[in-house]
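See structure below.
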Amino acid sequence: MRTLLILVDGMRPDAVTLIPEAQQILRKSLYTLNAKTVFPSMTLPCHMSLFHSVDPAKHGTTTNTYAPQ
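Numbering (this note's numbering), first residue to last: 9 to 77.
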């Protein structure tokens, strides 16, 4: 099984259904338009939480300023 994770930043979930190329991918995929993010809802803290499976308070990244751990 192959897995491809596509992250779209700064767009409402239902907006992806309006993009013809994305519609084609969605027809062949498993997806959700109901995912929830963490707080603060900024790119870097959210991505860190996604990949580390913990809240920003646990991984320590709470801004969009990258600081190596």
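Don't be surprised by glycine CBs; every beta carbon is placed ideally from N, CA and C.
Are there any heavy atoms of the ligand COA lying less than 7 Å away from the beta-carbon of residue i, as far as the coordinates show?
i: alanine 75; result: Of ligands this structure carries none, so the ligand COA is not represented either.
What is the DSSP secondary structure of residue i, counted as helix, strand or coil?
i: alanine 43; result: coil
i: arginine 20; result: coil
i: isoleucine 14; result: coil
i: leucine 3; result: In the structure as shown, the chain starts at 9 and stops at 77, and residue 3 therefore has no counterpart that could be examined.
i: threonine 25; result: helix
Return the first residue and the last residue of the alpha helix (DSSP H) that residue i is part of.
i: glutamine 77; result: Here glutamine 77 belongs to no alpha helix (DSSP H), and DSSP marks it neither H nor E.
i: methionine 56; result: 51-60
i: proline 64; result: 64-67
Going by other Cβ atoms of all chains shown within 10 Å of its Cβ, with 16 needed for buried, is residue i buried or exposed?
i: serine 57; result: buried
i: threonine 11; result: exposed
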